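Engineer: Protein chains in written order, with the working numbering: chain R, 1145 to 1321; chain B, 3 to 461; chain C, 36 to 135. Submitted below is the structure of interest, expressed as structure tokens.
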Amino acid sequence: MLDSILFYFFAGVAVLSAALMVTRRNAIHSAVFLITTLLATAGIFLQLRAEFLFIAQIILYVGGIMVLFIFVMMLVRLDVALHHIRFRLQRFVALIVALTLGGYISVILFWARKLPGQGLFIQGAAPAERLSPNSEQLAKSLFSSYLLPFEIASVLLLVAMVGAVVMAKNKKGANEP
Amino acid sequence: MNPTLHAILIFLQTWWVELVSGVVIVAVVPLVAGYLVLMERKLMADMQARLGPMRVGPHGLLQPIADAFKLLIKEDIIPADADKLIFWLAPVISMVAALTAMGAIAFGPAFQVARDINVGILFVVGVSSLGFLGIILGGWASNSHYSIIGAIRSTAQLVSYETAGGLAIVSALLLSGTLSIRGIVDAQQKSGAWFIFLAPVAFFTYLVASIAETNRAPFDLPEAESELVAGYMTEYSGFRWALYFLGEYANMIVVGSVATTLFLGGWLRPFPNVHWLNWIEYLPAFFIAIVGVYCIYRAGKQPVAIQVAFMWAVALACFAIAAVLAAPWILHVLHKFGVAAPLNLDFTVPGLNGAFWFLLKVSVYIYVFMWLRFTLPRYRFDQLMHLGWYILIPLAIVNVLAVGVALLLESALGWNRWLAMVVTTIITMAFALFLVHLHDKRTAAASSAAAVTTDSYAG
Amino acid sequence: MMSPAHYLFLSLALFIIGCIGVITRRNVIIVLMSIELILNAVNINLVLFSRIFGDAAGQVFALFIIADAAAEAAIGLGIIIAFFRNRETVMADEMDLLKW
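Okay, here's the thing in structure tokens:
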């Protein structure tokens, strides 16, 4: 009972703020709504017993990536009035994409229920004890089976850091305060 | 019975402790933060050989209430072109982040709002870093130059020092082996010493990083009055400003709690494993009773009747707290005399005593913050960033390596843990001295270059 | 935990909203944010199936996606800043230097 209330709350907040995010004119408002979407997604992770991912999402996504986005938006401040011209054709294309994708996958999800024994709606999930204690389990997998992707991810982050600094550096050599 | 009502009642029955604790945190922490402001003003006065607020209430003790009342009835000014949604939202984010982080902190083995989360420490650190969003959004929404520059400077400083602080936390986590708060304190109890003695460089790094993270002096350039008016708080007035300010002091409490949990042994008394020092357990009640006796002694010397009454009230409060802390022993003694029923001694003693030790350690940590504020001059922004990136982060990284090597020496080569820690700490301190030497060389070169080229009498 | 269908539909809804954001918006920064939304939808899916099968691989994959999203956001924003310095615009339809 509490599970379903929490799920509907987090799912509702996520979908509502996502919808608000893609429709705001003001970019900072979009960023704030993306923050609420990310927090709601973190809540969904917590509900699915993925505690480490919950806190990793909050620290990395909200505390890191969104702060970066807001910084950049403050640097490229544009007048809101420039947003008057909107593309009509893009909306039509978006509608078609949404209907196609949504319809296609919904149909698959509903059809799968009718196939005997092969439903995607598996009623009994694996007991939660298999995934807890969550951080230790995750760390064991990360450092034994997935060690190579882990190291590659660290090299990727290093490359991204160097690349971002090079790209955003002021070519005249003056450093920002 | 109506099934929905039944479900609601079961929910309340299961979760009432957490709900009440949540309400208590939201109600009490701002009050405590207000009294921290008063404590700071009194300490500042003491270190400057004066008395501080003395007018409002006895010895100025009602000053925070008067300040809160004034801020509540002040006019709410919103700048003309400010973004109203975000202007409203920013202080709320700051305060909510600090209060939510307090929810996962364990004040004692029995006092924790969120029943031990698997990722406790990371939760506290992560949620308190959500406060940065409040700062940057507030600075942007104010539509003023001072605010934006203050917000950018503040956030840059916070982000830089958060990396160093996080690495210092990682060093302590290597020693404890788990992220849950109760696990960390249990690891300190098992190893018989607070982690500050095993990894002092990590504690020092975390101290410096946490001072920078809460925007306290000497790192308070973003909100210094002589520099940027009030930084990102310039355009906020009345209760919004109070939310920011209280959020900053609540953040101080959070950061102090993290340092206490990780480095200062949480709710453990000093020397937790030494049996012949068990009498230290009785000290809290004893000292509070002594403070009560002192209050009664001073009550006789007060000139005005209401001050006498106030001193007596304080004395009675001290005796009440001492009685609550010493209740298990009193009941134990009474039980020996056959007067009272037998009491499970283990429940209350670690609980309340532990909470007392925890709060004492957090207070000492915050006292060190305030002491540093009144002693050291402010860092310039480029000096601040240089300290963060060039000195503190390399030191923190080397410290993580050192603690890892020490643990490896202990487990693989069978060294004594203390010997391994001492050796690696000495190597880390040598590295720190090397970094400071590099920094001195660089500043000496810069200042000598400046001294050569600038002519004081030119123009 | 609810039945998997609920989480799958939530993930689908977020994915579609992200796609709409990518296609419809002019501001390149908002396009980047919609891409982050798409990645989050995928994350929900991965964590859901990790919970169903009790395998930590889904959560590990989701963690890598978060790290990767951070790297991509950093580089993308770096490119936007560099472009903004030259052309003073972040609108997608005004970035047309290579058109013939």
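Backbone N, C-alpha and C define an ideal beta-carbon position, used for all residues, glycine too. Just so it is clear, the structure is predicted and the values come from calculations on it, not from any experiment.
Under 9 Å Cβ-Cβ, which residues of chain C neighbour V1159/R?
Structural biologist: Within the first sequence, numbered from 1, the residue matching residue 1159/R stands at position 15. Correct list: L45, A48, L49, I52.
Engineer: Which chain R residues are close to V77/C, counting only those with a beta carbon under 9 Å from its beta carbon?
Structural biologist: On the third sequence, position 42 is the one that residue 77/C refers to. Within chain R, no residue comes near V77/C; the closest Cβ sits about 11 Å away, beyond 9 Å.
Engineer: If we cut at 9 Å on Cβ distances, does D103/C have a partner in chain R?
Structural biologist: As a working note, residue 103/C is residue 68 in the third sequence. Chain R contact via Cβ: present.
Engineer: Which residues in the same chain as A127/C place their Cβ atom closer than 6 Å to its Cβ, once the five residues preceding and following it in sequence are excluded?
Structural biologist: Indexing the third sequence from 1 puts residue 127/C at position 92. Within the same chain, A127/C has close Cβ partners R61, V63.
Engineer: Quick check on Q114/B: does DSSP put it in helix, strand or coil?
Structural biologist: Stepping through the second sequence from its first residue, residue 114/B is reached at position 112. DSSP places Q114/B in strand when its eight states are reduced to three.
Engineer: What do you get for L435/B, buried or exposed, if any count of 16 or more other CB atoms within 10 angstroms of its CB means buried?
Structural biologist: Walking along the second sequence from the start, residue 435/B turns up at place 433. With fewer than 16 Cβ atoms within 10 Å of its Cβ, L435/B is classed as exposed.
Engineer: Measuring CA to CA, which of L47/C, M37/C, M36/C is closest to L1253/R?
Structural biologist: Counted from its first residue, the first sequence places residue 1253/R at position 109. Of the candidates L47/C, M37/C, M36/C, the one whose C-alpha sits nearest the C-alpha of L1253/R is L47/C.
Engineer: Which residues of chain C have a Cβ atom closer than 9 Å to the Cβ of L1183/R, listed in chain order?
Structural biologist: What you label residue 1183/R is simply residue 39 of the first sequence in a count that begins at 1. Ordered by position in chain C, no residue passes the 9 Å Cβ test against L1183/R, which lies about 11 Å from the chain.
Engineer: Measure the C-alpha to C-alpha separation of I332/B and S239/B and round it to an integer number of angstroms.
Structural biologist: For the purposes of this step, residue 332/B is taken as the residue at position 330 of the second sequence. For the purposes of this step, residue 239/B is taken as the residue at position 237 of the second sequence. So the alpha carbons of these two residues sit roughly 51 Å apart.
Engineer: If we define contact as Cβ-Cβ less than 9 Å, is N418/B a contact residue for chain R?
Structural biologist: If you number the second sequence from 1, residue 418/B lands on position 416. No, no contact with chain R.
Engineer: Is G273/B helix, strand or coil by DSSP?
Structural biologist: Along the second sequence, one-based indexing puts residue 273/B at 271. Looking at the sequence provided, one finds Phe at residue 273/B rather than Gly. F273/B: coil per DSSP, three-state reduction.
Engineer: Tell me which residue opens and which closes the alpha helix (DSSP H) that A180/B is part of.
Structural biologist: Within the second sequence, numbered from 1, the residue matching residue 180/B stands at position 178. In the sequence as presented, Ala is not what sits at residue 180/B; that position holds Thr. Unbroken run through T180/B: none, as it is neither H nor E.
Engineer: I'd like to know whether the C-beta atoms of V31/B and L101/B end up nearer to each other than 9 Å.
Structural biologist: Within the second sequence, the letter at position 29 stands for residue 31/B. Within the second sequence, the letter at position 99 stands for residue 101/B. Contact flag set, yes.
Engineer: For the candidate residues W278/B, A108/B, Q15/B, whose alpha-carbon lies nearest to that of I185/B?
Structural biologist: Position 183 of the second sequence, counted from the start, is the residue given in the question as residue 185/B. A small correction: the amino acid at residue 185/B is Gly; Ile does not occupy that position in the sequence shown. The option with the nearest alpha carbon to G185/B is A108/B.
Engineer: Using a C-beta cutoff of 9 Å, does I116/C count as contacting chain R?
Structural biologist: To locate residue 116/C, count along the third sequence from 1; it is residue 81. So, interface residue.
Engineer: What in chain R is Cβ-close to D85/B, meaning under 9 Å?
Structural biologist: Counted from its first residue, the second sequence places residue 85/B at position 83. Those are N1170, I1172, H1173, listed as they occur along chain R.
Engineer: Can you pull the DSSP bridge partners for M126/C?
Structural biologist: For the purposes of this step, residue 126/C is taken as residue 91 along the third sequence, with counting starting at 1. According to DSSP, M126/C bridges with N62/C.
Engineer: Looking at C-beta atoms only, is the number of pairs between the stretch 1209-1219 of chain R and the stretch 429-445 of chain B that lie closer than 8 Å three or more?
Structural biologist: Because the criterion of three Cβ pairs below 8 Å is not met, the stretch 1209-1219 of chain R and the stretch 429-445 of chain B do not touch.
Engineer: If the cut is a Cβ gap below 9 Å, which residues of chain B does L1146/R touch?
Structural biologist: Start at 1 with the first residue of the first sequence, and residue 1146/R comes out as number 2. Simply A9, F13, T16, W17.
Engineer: Rounded to whole angstroms, what's the CA-CA distance from T207/B to F273/B? Just pull it up for me.
Structural biologist: For the purposes of this step, residue 207/B is taken as the residue at position 205 of the second sequence. For the purposes of this step, residue 273/B is taken as the residue at position 271 of the second sequence. C-alpha separation (whole angstroms): 24 Å.
Engineer: With DSSP run on the structure shown, which of helix, strand or coil describes F88/C?
Structural biologist: By 1-based counting over the third sequence, the position of residue 88/C is 53. Here F88/C sits in helix by DSSP.
Engineer: Among the residues of its own chain, which have a CB less than 6 Å from the CB of V121/B, if the five just before and after it don't count?
Structural biologist: Along the second sequence, one-based indexing puts residue 121/B at 119. Correct list, in chain order: L181.
Engineer: Under a three-way DSSP split, which group does F288/B fall into?
Structural biologist: The count along the second sequence starts at 1 and reaches residue 288/B at position 286. Helix, per DSSP.
Engineer: How many Å lie between L270/B and A414/B at the Cα?
Structural biologist: Translated into positions along the second sequence, residue 270/B becomes position 268. Translated into positions along the second sequence, residue 414/B becomes position 412. Roughly 30 Å separates the two Cα atoms.
Engineer: Check this for me: beta carbons of F1189/R and I79/C, under 9 Å apart or not?
Structural biologist: Your numbering for residue 1189/R matches position 45 in the first sequence. Your numbering for residue 79/C matches position 44 in the third sequence. In contact: F1189/R and I79/C (Cβ atoms closer than 9 Å).
Engineer: List the residues of chain R whose Cβ lies closer than 8 Å to the Cβ of W142/B, in chain order.
Structural biologist: The sequence position of residue 142/B within the second sequence is 140, counting from 1. Here the neighbours are I1172, I1214, M1218.
Engineer: From F13/B to M36/C, what distance separates their C-alpha atoms?
Structural biologist: To locate residue 13/B, count along the second sequence from 1; it is residue 11. To locate residue 36/C, count along the third sequence from 1; it is residue 1. The straight-line gap from Cα to Cα measures roughly 17 Å.
Engineer: List the residues that DSSP assigns as beta-bridge partners of A108/B.
Structural biologist: Mapped onto the second sequence, residue 108/B falls at position 106. Note: A108/B sits in a beta bridge opposite Q114/B.
Engineer: For the stretch 288-304 of chain B against the stretch 145-152 of chain B, do three or more pairs of beta-carbon atoms, one drawn from each stretch, fall closer than 8 Å, so that the two count as touching?
Structural biologist: Verdict: no, contact absent.
Engineer: Can you tell which of L248/B, V203/B, L421/B, F221/B has its C-alpha closest to the C-alpha of T430/B?
Structural biologist: Here residue 430/B refers to the residue found at position 428 when the second sequence is read from its first residue. Checked all of L248/B, V203/B, L421/B, F221/B; the closest Cα to T430/B is V203/B.
Engineer: Can you pull the chain C neighbours of S1285/R, defined as C-beta to C-beta under 9 Å?
Structural biologist: Position 141 of the first sequence, counting from 1, holds the residue named residue 1285/R. Residues of chain C passing the Cβ test: D90, A91, A92, Q94, V95.
Engineer: Which residues in chain C have a C-beta closer than 7 Å to the C-beta of F1189/R? List them in chain order.
Structural biologist: Taking the first sequence and counting its residues from 1, the one referred to as residue 1189/R is at position 45. Those within 7 Å of F1189/R in chain C are V82.
Engineer: Considering only their Cβ atoms, is the gap separating M1305/R from A117/C smaller than 9 Å?
Structural biologist: By 1-based counting over the third sequence, the position of residue 117/C is 82. By 1-based counting over the first sequence, the position of residue 1305/R is 161. Not in contact: A117/C and M1305/R (Cβ atoms no closer than 9 Å).
Engineer: To the nearest whole angstrom, what separates the beta carbons of V1200/R and T1181/R, a pair I think is in contact under 8 Å?
Structural biologist: Here residue 1200/R is taken as the residue at index 56 of the first sequence, counted from 1. Here residue 1181/R is taken as the residue at index 37 of the first sequence, counted from 1. Correcting the residue identity first, residue 1200/R is Ala in this sequence and not Val. With a Cβ gap of about 16 Å, A1200/R and T1181/R do not count as contacting.
Engineer: For a test of the three-state rule: what should DSSP assign to R1323/R, helix, strand or coil?
Structural biologist: Here chain R covers residues 1145 to 1321 and nothing more, so residue 1323/R does not appear.
Engineer: Chain C partners of P1277/R, CB-CB under 8 Å?
Structural biologist: Locating residue 1277/R in the first sequence gives position 133, counting from the first residue. Ordered by position in chain C, no residue passes the 8 Å Cβ test against P1277/R, which lies about 11 Å from the chain.
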